[in-house]
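Here the structure comes first, spelled out in structure tokens, and everything after it is commentary.
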Amino acid sequence: MKLDLVKYSLNNLLHRRLRSWLTMLSILIGVMAIFALASFGLGVRHYIDELSQDMGTDKIMMQPKTAFALSEEDYFTQNELEFIRKVNGVGEAAGMTFRSSQVYFKDSGKIKYVYSMGLPTDETFEMVEQLLTVDLLEGRTLKDGDVLKATVGYNYGIEDKVFKRAVRLGDKLHVNGVEVEVVGIYEEIGNPSDDSNIYLTFDGFEEIFGVKEQYGYIAIRVGEEENASAVADKIEDKFRKYRGEKSGQETFTVQTFEEAVATFSNIINGITGILLIIALVSLIVAGINIMNTMYTAVVERTKEIGIMKAIGARNKEILFVFILEAGMLGLAGGLIGIGLGYLVSKAGGAAAAAAGYASLRPYFPWWLIAGCLAFALLVGSLSGLPPSIQASKQNPVESLRYE
Amino acid sequence: MIKDYVRLSFFNLKRRRLRSYLTMIGIIIGIAAVISLVGLGEGLRNFVTAQFNIVDADVITVMASGTGNGPPGTGVVNPLTQKQLDRINSVNGVDVAFGRLIQLGDYLFNDKRGFTYIASIPAGEERKIVYDIVDLKTDEGRLLKDGDTLRIMVGSSFKDNDESGKRVEVGSKLEIEGHDFTVVGVLEKKGSFAVDTTIIMNEEIMREIFSEVGDDEYDVIVAKVKDGADMKAVKQDIEKVLRKERDVEVGEEDFSVETPENAVKTLTSTLSAINIFVYIIALISVVVGGIGIMNTMYTSVVERIGDIGTMKAIGARNSDIFVLFFLESGLLGMVGGIAGIILGSGLAYGLAAIAGANLGLDISASVSPMLVILSLLFSFIIGTLAGLLPALQAAKMNPVDALSESR
């Protein structure tokens with residue numbers, strides 16, 4: 000019996016082929032937009048999750064409160080770094096330093112402005128590398144004793160990214176006018192700024208920028224079995240006293256990586272949310288189209304409804320037939336929309352990767368697909384509800400008389 | 000004749016009241032979404048543009064290039080110098096040029112530490128010019144003058160800095176870089192974040208307390224152009240002089256020379272890109288609304304096959320039938336558009352007012368007449384485009400078939 004009703008609904012949809020197609024078209028456009036946007040939003044979050052997994056949940060970072068325009072006294076000193084190393088719960092701590100710099104590649108004749116980072120070469124190097132989430136693509140990493148040697152970000156190895164000509168191992172770059180040799184090239188991080196970094200040893204950094212034991216950034220790994228946020232609180236408290244500052248007047252910030260990632264995730268969620276709401280508007284309009292189509296169908300089939308009722312169809316069954324029709328419109332639109340949305344996302348991801356934002360890649364978890372389908376079905380059947388109720392409540396006698 | 004068409008179209012739309020309303024609601028929602036988003040986006044852009052609080056349009060700003068993050072002067076490798084300033088001053092067409100220091104610094108007030116921009120004001124004649132260009136006036140107290148050393152003016156946002164009930168006012172003491180400064184003036188609200196949160200002091204004392212500022216270095220050089228001089232030419236001359244002075248080739252400049260126009264342009268172009276993306280997503284719903292119109296029109300063509308047959312039989316031409324249906328769908332689009340514009344404008348201004356009140360910012364939506372006209376046109380075009388195919392179908396119908404098909 001139920002199967003008969005399904006067949007009947009399907010037949011009706013096929014009978015009004017053009018109208019069904021147009022209605023589906025309107026819902027598939029909305030689903031496509033939502034699916035594509037959501038897959039990008041989820042992709043970025045997925046990337047952040049992966050990143051924080053790579054970095055580990057046992058990391059804390061310290062920065063001067065002014066992230067920009069550091070003046071001499073804002074930097075952390077060697078003594079301060081040593082002090083932090085001694086705080087209970089700290090496993091290891093490493094200082095890092097960075098400066099804007101001018102880089103020049105003779106073979107290409109262009110000047111670029113990038114960040115140069117000074118990295119430690121002692122036993123904390125491994126942690127620093129983990130935090131930067133970079134793996135070596137070719138060459139070697141920096142080691143103790145390197146001075147005018149540098150490792151460079153992924154973009155240097157690609158033509159027309161930083162310089163017209165790709166930089167290769169052994170090439171010489173001029174950083175603030177000082178010649179350094181490239182000994183290693185890193186893999187892609189996924190954003191143009193980080194992928195254009197130049198990494199130096201502290202000795203090399205001193206040679207070029209004339210600064211020593213001055214850190215713009217301290218990375219901390221807490222000891223085993225230690226709670227990162229508890230250690231972060233402890234560091235904040237101790238270091239404040241060490242610098243002789245009152246609470247609320249700190250000149251530095253301490254943040255666990257999890258907190259930093261959470262902040263970033265919230266921003267991403269906010270942006271994705273707003274865009275989804277805007278895209279949702281089109282689905283509402285599509286729902287109204289479905290409602291319209293169904294109202295028309297009900298009016299057109301007034302006589303049919305009367306006949307069905309006359310030969311014993313119950314209100315429930317009429318209701319079911321019409322809701323099913325609307326739901327199928329939604330479901331079919333959803334299916335096609337997801338397929339097209341998938342293609343759009345793939346194309347968008349490829350375009351972003353080509354532009355240097357490889358971190359911006361879509362992600363398609365099964366529940367996104369299931370969710371979009373369910374939602375399309377819901378929009379369809381909900382929009383079909385008022386017309387279906389109208390149809391089911393029709394008086395059979397009057398319906399039969401309708402011309 | 001046209002009047003008859005319009006009357007007939009209206010009559011037909013009214014006869015299928017529910018369907019017409021539903022079709023229009025689609026367009027209304029779509030256009031309202033576009034209008035409110037564009038209105039908010041434009042409002043936001045106006046707000047950002049207002050941040051460039053330079054009233055005079057004949058001012059050229061010179062900055063050294065850096066990695067591009069943070070305030071002017073951050074991450075600069077090769078700063079601007081006094082000598083370069085002198086050279087700019089002697090460029091033909093430059094009325095007067097002066098340097099300013101802008102640093103991000105911290106201050107201590109009422110035992111609370113804050114971070115903000117600290118900017119310098121040059122002494123002598125040039126002071127008056129800066130006051131003129133930025134249109135600085137005080138709400139309380141007075142402007143800085145030559146000879147003021149440990150004195151500062153603060154932006155209007157310091158007035159509501161009262162977490163613990165205390166606020167900065169004339170006579171308040173702020174500790175900056177270890178020195179106690181006395182506030183002599185609180186500036187008028189500019190609606191510009193950069194000016195309203197800034198602390199301003201005389202250049203002399205600023206050089207003294209900020210050790211990292213080189214003796215003859217400047218973060219920004221501002222050049223006022225002579226009346227009637229060609230901005231573009233002066234800009235190019237300054238670029239030429241600086242290239243020579245800083246010894247760089249064309250295309251390798253490590254500095255930027257910006258007219259107010261292109262400074263705003265650079266910033267708003269990013270904002271525009273984001274806006275356009277949002278608009279496109281919003282436009283999708285109008286397109287979906289258009290599909291709704293097309294559907295409705297196809298349905299009404301099928302329903303009125305008999306009418307069409309009769310009209311043709313008594314002498315209506317194909318073009319008459321076409322215009323009839325075409326007009327009907329255009330009307331659907333336009334009426335929906337008008338309602339959408341009204342609803343969208345209300346939404347835009349309402350949301351902006353709520354957001355502005357909550358954030359304490361001077362944001363207001365901006366629904367321009369241009370936007371209204373374009374939306375109206377767009378909704379009409381969407382309506383007519385959607386009606387095009389159904390109307391053609393109706394016009395081409397064979398009258399005999401039409402009459403027989405309708406039973």
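Chain order of the listed sequences is V and H. Numbering that gives the first Met the number 0 numbers the first residue of the first sequence as 0 and each following residue consecutively. Numbering that gives the first Met the number 0 numbers the first residue of the second sequence as 0 and each following residue consecutively. Ideal Cβ positions, reconstructed from N, Cα and C, are used throughout, including at glycine. Since the structure is predicted, the reported quantities are computational estimates derived from the model, not experimental observations.
Would residue i pass as an interface residue toward chain H - the criterion being a Cβ-Cβ separation below 8 Å?
{"i": "residue 266 of chain V", "result": "no"}
{"i": "residue 21 of chain V", "result": "yes"}
{"i": "residue 398 of chain V", "result": "no"}
{"i": "residue 68 of chain V", "result": "Confidence at residue 68 of chain V is low in this model, with a pLDDT of 46, below 50, so its placement is unreliable and no value can be given for it."}
{"i": "residue 359 of chain V", "result": "no"}
{"i": "residue 245 of chain V", "result": "yes"}
{"i": "residue 18 of chain V", "result": "yes"}
{"i": "residue 10 of chain V", "result": "no"}
{"i": "residue 101 of chain V", "result": "yes"}
{"i": "residue 120 of chain V", "result": "no"}
Measure from the C-beta of residue i to each C-beta in chain V and report whether the shortest distance is under 8 Å.
{"i": "residue 111 of chain H", "result": "yes"}
{"i": "residue 284 of chain H", "result": "yes"}
{"i": "residue 145 of chain H", "result": "no"}
{"i": "residue 246 of chain H", "result": "no"}
{"i": "residue 280 of chain H", "result": "yes"}
{"i": "residue 107 of chain H", "result": "yes"}
{"i": "residue 253 of chain H", "result": "yes"}
Using beta-carbon positions only, say whether residue i and residue j come within less than 8 Å of one another.
{"i": "residue 36 of chain V", "j": "residue 354 of chain V", "result": "no"}
{"i": "residue 104 of chain V", "j": "residue 166 of chain V", "result": "yes"}
{"i": "residue 93 of chain H", "j": "residue 256 of chain H", "result": "no"}
{"i": "residue 284 of chain H", "j": "residue 284 of chain V", "result": "yes"}
{"i": "residue 155 of chain H", "j": "residue 185 of chain H", "result": "yes"}
{"i": "residue 46 of chain H", "j": "residue 290 of chain H", "result": "no"}
{"i": "residue 375 of chain H", "j": "residue 320 of chain H", "result": "no"}
{"i": "residue 177 of chain V", "j": "residue 171 of chain V", "result": "no"}
{"i": "residue 248 of chain V", "j": "residue 111 of chain H", "result": "yes"}
{"i": "residue 390 of chain V", "j": "residue 321 of chain V", "result": "yes"}
{"i": "residue 149 of chain V", "j": "residue 119 of chain V", "result": "no"}
{"i": "residue 432 of chain V", "j": "residue 151 of chain V", "result": "No statement about residue 432 of chain V is possible, as the shown extent of chain V runs from 0 to 402 and does not include it."}
{"i": "residue 333 of chain V", "j": "residue 371 of chain V", "result": "yes"}
Quick one: give me the first and last residue of the alpha helix (DSSP H) that residue i is part of.
{"i": "residue 34 of chain V", "result": "16–54"}
{"i": "residue 83 of chain V", "result": "77–85"}
{"i": "residue 351 of chain V", "result": "314–353"}
{"i": "residue 384 of chain H", "result": "368–395"}
Got a sec, what are the start and stop residues for the beta strand (DSSP E) residue i sits in?
{"i": "residue 199 of chain H", "result": "198–201"}
{"i": "residue 97 of chain V", "result": "89–104"}
{"i": "residue 135 of chain V", "result": "135–138"}
{"i": "residue 150 of chain H", "result": "150–153"}
{"i": "residue 99 of chain H", "result": "93–99"}
{"i": "residue 179 of chain H", "result": "178–186"}
Using the Cβ count rule (16 or more neighbours within 10 Å means buried), how would you classify residue i?
{"i": "residue 294 of chain H", "result": "buried"}
{"i": "residue 2 of chain V", "result": "exposed"}
{"i": "residue 68 of chain H", "result": "Legend: pLDDT at residue 68 of chain H = 45, less than 50; position of this residue unreliable, no value from coordinates given."}
{"i": "residue 387 of chain V", "result": "buried"}
{"i": "residue 72 of chain H", "result": "Only weak support exists for where residue 72 of chain H lies, its pLDDT of 45 falling under 50; the coordinates are left without a value."}
{"i": "residue 393 of chain H", "result": "buried"}
{"i": "residue 137 of chain V", "result": "exposed"}
{"i": "residue 76 of chain V", "result": "exposed"}
{"i": "residue 347 of chain H", "result": "buried"}
{"i": "residue 273 of chain V", "result": "exposed"}
{"i": "residue 13 of chain V", "result": "exposed"}
{"i": "residue 308 of chain V", "result": "buried"}
{"i": "residue 201 of chain H", "result": "buried"}
{"i": "residue 249 of chain H", "result": "exposed"}
Does residue i have its Cβ less than 8 Å from a Cβ in chain B?
{"i": "residue 64 of chain H", "result": "Among the protein chains in the structure shown, which are V and H, there is no chain B."}
task: Can you give me, in chain order, the residues of the stretch 210–232 of chain V that have a beta carbon less than 9 Å from any beta carbon in chain H?
output: none
query: Which residues, taken in chain order from the stretch 270–304 of chain V, show a beta carbon closer than 7 Å to some beta carbon of chain H?
result: 274, 277, 278, 280, 281, 283, 284, 285, 287, 288, 290, 291, 292, 294, 295
- prompt: What residues in the stretch 366–394 of chain V have a beta carbon less than 7 Å from any beta carbon of chain H?
  reply: none
- prompt: Can you list, in chain order, the residues of the stretch 31–48 of chain H whose Cβ is nearer than 9 Å to any Cβ on chain V?
  reply: 31, 32, 36
- request: Compile a chain-ordered list of the residues in the stretch 284–298 of chain H whose CB is closer than 7 Å to at least one CB of chain V.
  value: 284, 286, 287, 288, 290, 291, 293, 294, 295, 297, 298
- prompt: Taking a cut of 7 Å between CB atoms, which residues from the stretch 2–28 of chain H lie near chain V?
  reply: 17, 18, 21, 22, 24, 25, 28
field: chain H contacts from the stretch 20–48 of chain V (Cβ-Cβ distance under 7 Å)
entry: Cβ contacts with chain H come from 21, 22, 24, 25, 28, 29, 32.
query: the stretch 112–144 of chain H: which residues have C-beta closer than 8 Å to a C-beta of chain V, in chain order?
result: 112, 114
Proximal residues, the stretch 160–191 of chain V versus chain H, C-beta separation under 7 Å: 175
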